[in-house]
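Undergrad:
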Amino acid sequence: MIRTDELQRLPVRDALPALRGALDDRGVAVLCAPPGTGKTTLVPLVLAGLVGDAPVRRVVVAEPRRIAARAAARRMAWLLGEKVGGSVGYTVRGERVVGRHTRVEVVTTGVLLQRLQRDQELAGVDLVVIDECHERHLDADTVAAFLVDVRAALRPELRLVAASATTDAQGWARLLGDAPVVEAEGVSHPVDVVWAPPARPVRPPHGMRVDPALLTHVAATVRRALAERDGDVLCFLPGVGEIARVAGQLGDAPAEVLQVHGRAPAAVQDAVLAGSAGGARRVVLATSVAESSLTVPGVRVVVDSGLAREPRVDHARGLSALATVRASQAAGRQRAGRAGREAPGAVYRCWAEAEDGRLPRFPSPEIKVADLTAFALQAACWGDPDASGLALLDAPPGGAMAAARGVLTAIGAVDAGTGRVTERGTRLARVGLHPRLARALLDAAPVVGTRRAAEVVALLSEEPPREYGDDLAAAWRGARRGGDGYAARWRTETRRLTAAAGPSSGDASAPAPPARDLSRPPTHNPASSPPSTEQRAGGREKRGAGDAGGSGRPAAREAQGGSSSDAGRRAGGWEKGGAGGDERAAGLVAALAFPERVARRVGDGTYLMVGGTRGELRAGSALSGAEWISVAVADRPVGAGHARVLLGGHVDEDVAREAAAPLYSDADEVAWAGGDLVTRHVERLGAVELAVRPMKSPDPRLVREGILAGLREEGTGLLNWSRGARELRQRLDFLHRHLGAPWPDVSENALHARVDEWLEPELSKARRRSDLGRIDAGQALGRLLPWATGEATRLDALAPERVKVPSGSRIRIDYADPEQPVLAVKLQEMFGLAETPRIADGSVPVVVHLLSPAGRPAAVTADLASFWRDGYRAVRAELRGRYPKHPWPEDPVGAEATRFTKARLRR
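Given below as structure tokens:
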């Protein structure tokens, strides 16, 4: 029996006439409805004609998460007084509960993507609701873009609703083609905001790391909320690890502590959503899965850590992972709203009020920050390889798309020239995994067996718990015998992947089996096939269905795995790698998924991946000592220069060579390395050297390039610079700065640019560093003088090495500072000279350093006349007392210059 009273209490019903009118008029609409108004539950029932007087339609509701899809279907079925699988059903990865009379089916966006690729018309579906579109998940954005295409080109009658509690309504309206915006008023109860920052500053999140001090504070805030408020407490934390840590600190709390996240068993999720059984208080620790679509009964208090997880790509290291970030203002409103769903409540925010205004307004669109390999394959399968024709709120970044196309080209999923999807790419897309993992499944199946390949890929598609260890084979055995929630999900996913791979998985050219659109009612032709299980049962059906996006942990930089279109060659080439038990089979599968992460040991616990990234094993790792490993999961700890290997498998060199074949090179290398010219023949797998042998007769052209590289790297200081050579370079630098052409520029860059003019033929004879050290730099530099114009003969006149001073001495000019050449001379030797000496045709005065008889600085001047007039008297008084044996005339301009004492002058 329909629960009419419950339906009448849902506020969104007041907006339903406007929504139905918008859909009748335009076929599209944007529905903005606050949390708890019934947009996820009542709206689909009304639009399907299951409640009210609307025509009967088949409605598909797309949710971003499996937990939300199951919960929404169960809630709608309960409102109708039915069980799931009747009028309302759901399909998520690995589980499908629908019946022949299902009119509303809730699916994940990944499942809907798969359906659209199999049947672009979505035959049998009348209306699609994209729920929680404000979260900007990549699958949801892609689904919306594809559906806009479908309406424009194939099915203009297909109706489309974008629904959200907080969103850029106008942006979505433009995207859907000037869709009307329908807003529903909420009746959520007031929520008090309590600002509860830590007493002492905590370190900001970095990578996956969260300061333990903050988690301790969150636990203390939960205890405070239990003491100050009534009702259950919903606490938001960024991830599973943080949930476990806070749960451990709440072991003696006066409430039942429950954990809700994407990895939690379905039974636990259902228990949380069912409410308290005996009225006991509960503390629900949850990730962002509880922000929307779900109502947790009994919650009156929310404790918000203020953190969330978003995907990030480390292009430099080829690693892709989740990063901890500050939650957006929109997420904060969503989270706070959970406290006011059923009654007045409160939210305890674990940050200062002054920080709130500095938070981002909305979460980062996943298309801007995530690995785009799966998206690029979806776009290629759709017929738009560069996604330029898709209706997207944000265009995909060019660099991320280029990296994604590189991965897809390397695994044979798209054509290298056109970017269009190949038959192999279509098959990879239909597996329902990230393309890397789909490639590993299909290519490993003929070598290690379909079931074993599926088991390992299932491990890679959802990273196993840390307690399973970092050895992929050991984790595999742990999952086989495990009785935890992860092992149960792993077995379910293994069955799905085994079926997806099929007996012909090794044949890349084999077309995928025809697929019925899972959203349309089954049909039966008695002449062609027996009745299906669904038809015989007349109702509930459970079977695997694949999400498109997959949850593997792909590297974003360009993968270099081979396309391997010939299954027989693949099987033969990797036979040794897959024939050695679990260790080799696991390593082979990981190598096929992440070929650029195949790594060779370069030190104790340190490995160099063929992609160029260094990785380190943890102390006591089961992988220690292996010569080669394939890295399945890695991250980079805070402050570390290398990646940390979290999960990997054993491989040998044969497997490494096959998996990363496009990175193999076999060539002569002549390079400047370690301070000298190195000539060798190298076999290389990416950044990893496989074999090296010396070269007897290197190519002279390569030798010259290597020598030039050394000069660029270490500078012309490699040559023999005598004192005269250095001074010549300084004099030429001085003339170039003050007089310009034809005097040459002798800076490092300029000398490198004209190396052929001044350093031949000596350069052509050099074979090593010591040869460079024998080249007379001064003689070579003389070739750059302007001999052709005759100006070279004026070098000594324009920039003399020495100048004659009044005493008769010839004093060297120091050109170290080309802007102000220095003449350092004893003061007494300048008596009788009224003006400062000038060089460069009289255009540049030298700076005169006047020295005491002992050669110590007494005065500095660029205007000798001014010094004699204004400064000499004070200097004379000081020096006269120190050096009484030397002459110190009152009139230095009229006196005779000397190098001697007064006694010697008298003789």
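When we follow the working numbering, the leftmost residue of the sequence shown carries the number 379, and every step to the right adds one.
From the three backbone atoms N, C-alpha and C, an ideal C-beta is built for every residue, glycine too.
1) In terms of alpha-carbon separation, which member of H567, L819, L1117 lies closest to I789?
2) If you compare alpha carbons, which of L970, Q495, R855 is closest to D762?
3) Beta-carbon separation of A822 and G803 under 7 Å?
4) Residue range of the alpha helix (DSSP H) that C728 falls in?
5) Between which two residues does the beta strand (DSSP E) containing Y1261 stretch?
6) Assuming contact is defined by CB atoms lying nearer than 7 Å, are V725 and A717 in contact in what I supplied?
7) I'd like the list of long-range same chain contacts for L1089, defined as Cβ closer than 8 Å, with 5 residues on each side in sequence excluded.
8) Rounded to a whole number of angstroms, what is the C-alpha to C-alpha distance between S1125 and E1138?
9) How far does the alpha helix (DSSP H) with F1112 in it extend, from its first residue to its last?
10) Among residues of its own chain, excluding the 5 on either side of A782, which ones have a beta-carbon nearer than 6 Å to its beta-carbon?
11) What does a CB cutoff of less than 8 Å around H639 pick up in its chain, not counting 5 residues either side in sequence?
12) Leaving aside the five residues before and after P1122 along the sequence, list all residues of the same chain whose C-beta is less than 8 Å from its C-beta, in chain order.
13) Work out the CA separation of V679 and R435 for me, nearest whole Å.
14) May I have the straight-line CA-CA distance separating E1268 from G1118, to the nearest angstrom?
15) With E1061 as the anchor, note down where its beta strand (DSSP E) starts and where it stops.
16) Do three or more CB pairs link the stretch 1177-1197 to the stretch 1146-1160 at distances below 8 Å?
17) Looking at the unbroken beta strand (DSSP E) that takes in A625, where does it start and where does it end?
18) Do A522 and V408 have their beta-carbon atoms positioned less than 7 Å apart in this structure?
19) Taking D682 as the reference, give the member of T599, A605, E634, E720 with the closest Cα.
20) So, for A778: in the same chain, excluding its five sequence neighbours on each side, which residues have a beta-carbon less than 6 Å away from its beta-carbon?
21) Does the distance from the C-beta atom of E841 to that of V747 stay below 7 Å?
22) Find the nearest neighbour of V1066 within the set P1076, R1035, G1084, judged by alpha-carbon distance.
23) Under 7 Å, do R975 and V1009 count as touching if we go by C-beta distance?
24) I need the boundaries of the alpha helix (DSSP H) containing Q707, first residue and last residue.
25) With the cut-off set at 7 Å, would you say G564 and P675 are in Cβ contact?
26) Return the CA-CA distance between R607 and E634, expressed in angstroms with no decimal places.
27) Answer with buried or exposed for I745, where buried requires no fewer than 16 other C-beta atoms within 10 angstroms of its C-beta.
28) Quickly, what does DSSP pair G723 with across the bridge? List them, please.
29) Spell out a yes or no on whether the stretch 532-552 and the stretch 476-488 are touching, meaning 3 or more CB-CB pairs, one atom from each, closer than 8 Å.
30) Going along the chain, which residues of its own chain have a beta-carbon closer than 8 Å to the beta-carbon of P632, five neighbours each way excluded?
31) Measure the C-alpha to C-alpha separation of D734 and L423 and round it to an integer number of angstroms.
32) State the beta-bridge partners of K1143 as determined by DSSP.
33) Just to confirm the assignment, what range does the alpha helix (DSSP H) spanning E961 have?
34) Please classify S706: is it buried, with 16 or more other beta-carbons within 10 angstroms of its beta-carbon, or exposed?
35) State the beta-bridge partners of W1050 as determined by DSSP.
36) Does the beta-carbon of R368 have 16 or more other beta-carbons within 10 angstroms, so that it is buried, or is it exposed?
TA: On the basis of the data shown:
1) Of the listed residues, the one whose Cα sits closest to I789 is L819.
2) Of the listed residues, the one whose Cα sits closest to D762 is Q495.
3) 7 Å or more divides the Cβ of A822 from the Cβ of G803.
4) In this chain, C728 is not harboured by any alpha helix (DSSP H), its DSSP state being neither H nor E.
5) Run containing Y1261: none; DSSP gives neither H nor E here.
6) Cβ distance < 7 Å, so V725 and A717 count as in contact.
7) Once the five neighbours on either side are set aside, the close Cβ partners of L1089 are L1096, H1130, V1133, L1150.
8) Each residue's alpha carbon lies about 18 Å from the other.
9) F1112: member of the alpha helix (DSSP H) spanning 1101-1117, first to last residue.
10) If we look at A782 and ignore the five residues flanking it on each side, its Cβ neighbours are L750, T751, A754.
11) So the qualifying residues of the chain are G617, V618, I621, A664, T665, V667.
12) A distance below 8 Å between beta-carbons, with the five flanking residues on each side excluded, links P1122 to the following residues of its chain, in chain order: L1110, H1114, A1128, R1132, L1162, L1163, P1164.
13) Here the alpha carbons of V679 and R435 stand approximately 39 Å from one another.
14) The straight-line gap from Cα to Cα measures roughly 43 Å.
15) Its beta strand (DSSP E) spans residues 1054-1063.
16) The stretch 1146-1160 and the stretch 1177-1197 do not touch, with fewer than three beta-carbon pairs separated by less than 8 Å.
17) In the DSSP assignment, A625 falls outside any beta strand (DSSP E) and within the unbroken alpha helix (DSSP H) covering 618-627.
18) The Cβ-Cβ distance between V408 and A522 does not fall below 7 Å.
19) Minimum Cα distance to D682 is reached at T599.
20) Cβ neighbours of A778 beyond the five flanking positions: L750.
21) Not closer than 7 Å, so no.
22) Checked all of P1076, R1035, G1084; the closest Cα to V1066 is R1035.
23) In this structure, R975 places its C-beta atom within 7 Å of the C-beta atom of V1009.
24) Residue range 707-715 is occupied by the alpha helix (DSSP H) that includes Q707.
25) No, these two residues do not count as a Cβ contact at 7 Å.
26) Taking the straight line joining both Cα atoms gives about 16 Å.
27) With 16 or more Cβ atoms within 10 Å of its Cβ, I745 is classed as buried.
28) BP columns for G723 point to V569.
29) In short, these stretches do not touch, since the Cβ pair count stays below three.
30) In its chain, beyond the 5 residues on either side, L604, R659 have a beta carbon closer than 8 Å to the beta carbon of P632.
31) Cα-Cα distance, rounded: 38 Å.
32) Partner(s): none; K1143 has no beta bridge.
33) It spans 960-971 - the alpha helix (DSSP H) in which E961 sits, taken as one unbroken run.
34) Looking at its Cβ environment, which holds 16 or more other Cβ atoms inside 10 Å, S706 is buried.
35) In DSSP, W1050 forms a bridge with L1055.
36) A question about residue 368 goes unanswered here, because the residues of the chain that appear run from 379 up to 1285.
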